[in-house]
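Colleague: Residue numbers for the sequence shown follow my numbering, beginning at 46 and rising by one.
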Amino acid sequence: MAVGETPVTLVGTVLSELSTRKVGDGGHHVVTFWVRSNERRRDKETAEWVDGKQLTARVTCWRRLAETVGESLVKGDPVIVSGKLYTREYNQDGQSRSLLELEAYAIGPNLSRCGAVVRRRGRPEQAVPLWEENGEGEVSRALSPGEGMSAA
């Protein structure tokens with residue numbers, strides 16, 4: 046990490062379609078999309094959940110992360126994005142403008158709001174039962190985390 050970087054983790058929702066392209070001589074993959082984080086808070090007087098502040102940022106992913114994100118995410122998906130945050134300055138129609146940009150190091154689904162199946166790169170896909178029923182309607186974990194996985 047460079048001196049002066051602003052590392053952040055943003056929990057939000059993919060707000061736009063993903064834009065994919067290749068750049069440079071090596072044809073590096075780049076994916077960009079917008080993500081929004083909506084604060085929800087409990088109003089003490091009404092005891093109801095209300096909308097609070099919002100944060101919207103453009104997320105940029107490079108190379109291998111871009112490839113995987115492009116294959117995995119769609120508009121509306123709940124995500125957790127970690128990366129470095131900065132302000133991008135630009136001119137549009139003669140006007141100086143800026144936007145928040147988050148250059149992602151890692152992105153994953155927010156498992157408190159969705160389910161996911163992990164597909165590891167470089168390993169054969171195996172159908173491993175995660176849960177098993179004992180015959181009396183009780184369900185338990187069939188394997189410990191990492192058990193049954195092939196070595197990379």
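Here a beta-carbon is modelled for each residue, glycine too, at the ideal position from N, C-alpha and C.
1. Could you tell me which whole beta strand (DSSP E) segments of length 3 or greater appear in the segment 88–174?
2. Check each candidate in 147, 88, 89 and name the one with the smallest Cα separation from residue 59.
3. What residue from 107, 166, 161 has the CA that sits closest to residue 68's CA?
4. Would you kindly work out how many angstroms separate the C-alpha atoms of residue 136 and residue 142, rounded to a whole number?
5. Using the rule of at least 16 other Cβ atoms within 10 Å of the residue's Cβ for burial, across every protein chain shown, is residue 128 buried or exposed?
6. Beta-carbon separation of residue 85 and residue 97 under 8 Å?
7. I need the straight-line Cα distance from residue 113 to residue 90, nearest angstrom please.
8. Cutting at 6 Å between CB atoms, please list the residues of its own chain near residue 123, excluding the five before and the five after it.
9. Using 8 Å for Cβ pairs, my map puts residue 102 next to residue 80. What's the rounded Cβ distance?
10. Taking the beta carbon of residue 111 as the centre, do at least 16 other beta carbons fall within 10 Å, making it buried, or is it exposed?
11. DSSP three-state call for residue 51: helix, strand or coil?
12. Taking residue 41 and residue 65 to be in contact with their CB atoms under 8 Å, please state how far apart those CB atoms are, rounded to whole angstroms.
13. Using 8 Å as the threshold, is the C-beta distance between residue 55 and residue 119 below it?
14. Roughly how many angstroms separate the alpha carbons of residue 151 and residue 163, rounded to a whole number?
15. Quick one: give me the first and last residue of the beta strand (DSSP E) that residue 64 is part of.
16. Measure the alpha-carbon distance for residue 100 versus residue 145 and round it to whole angstroms.
Modeller: Answer, in terms of the structure:
1. Taking only runs of at least 3 residues, the beta strand (DSSP E) segments lying wholly in the segment 88–174 are 93–107, 123–137, 140–154.
2. Within the sequence shown, numbered from 1, the residue matching residue 59 stands at position 14. The shortest C-alpha to C-alpha distance from residue 59 to any of 147, 88, 89 is the one to 147.
3. Counted from its first residue, the sequence shown places residue 68 at position 23. Comparing Cα positions, the closest option is 107.
4. The sequence position of residue 136 within the sequence shown is 91, counting from 1. The sequence position of residue 142 within the sequence shown is 97, counting from 1. Rounded to whole angstroms, the gap between the alpha carbons of residue 136 and residue 142 is 6 Å.
5. Counted from its first residue, the sequence shown places residue 128 at position 83. The residue is buried, with at least 16 neighbouring Cβ atoms inside 10 Å.
6. If you number the sequence shown from 1, residue 85 lands on position 40. If you number the sequence shown from 1, residue 97 lands on position 52. Taking 8 Å as the Cβ cut-off, residue 85 and residue 97 qualify as a contacting pair.
7. In the sequence shown, the residue the question calls residue 113 occupies position 68. In the sequence shown, the residue the question calls residue 90 occupies position 45. Looking at the backbone, the Cα of residue 113 and that of residue 90 are separated by about 45 Å.
8. Within the sequence shown, the letter at position 78 stands for residue 123. Here the set comprises 58, 155, 158, 159.
9. Counted from its first residue, the sequence shown places residue 102 at position 57. Counted from its first residue, the sequence shown places residue 80 at position 35. Yes, they are in contact, since the Cβ atoms of residue 102 and residue 80 sit about 6 Å apart, within 8 Å.
10. Here the question's residue 111 lines up with position 66 in the sequence shown. Answer is buried; the Cβ neighbour count reaches 16.
11. Here residue 51 refers to the residue found at position 6 of the sequence shown. Residue 51: coil per DSSP, three-state reduction.
12. Given that the chain is displayed from residue 46 to residue 197, the structure contains no residue 41 and the question cannot be resolved.
13. Taking the first residue of the sequence shown as position 1, residue 55 is located at position 10. Taking the first residue of the sequence shown as position 1, residue 119 is located at position 74. Going by C-beta atoms, residue 55 is not nearer than 8 Å to residue 119.
14. On the sequence shown, residue 151 is found 106 positions in, with the first residue counted as 1. On the sequence shown, residue 163 is found 118 positions in, with the first residue counted as 1. Taking the straight line from one Cα to the other gives about 15 Å.
15. Position 19 of the sequence shown, counted from the first residue, corresponds to residue 64. It spans 64–68 - the beta strand (DSSP E) in which residue 64 sits, taken as one unbroken run.
16. Taking the first residue of the sequence shown as position 1, residue 100 is located at position 55. Taking the first residue of the sequence shown as position 1, residue 145 is located at position 100. CA-to-CA, the gap between residue 100 and residue 145 works out to about 9 Å.
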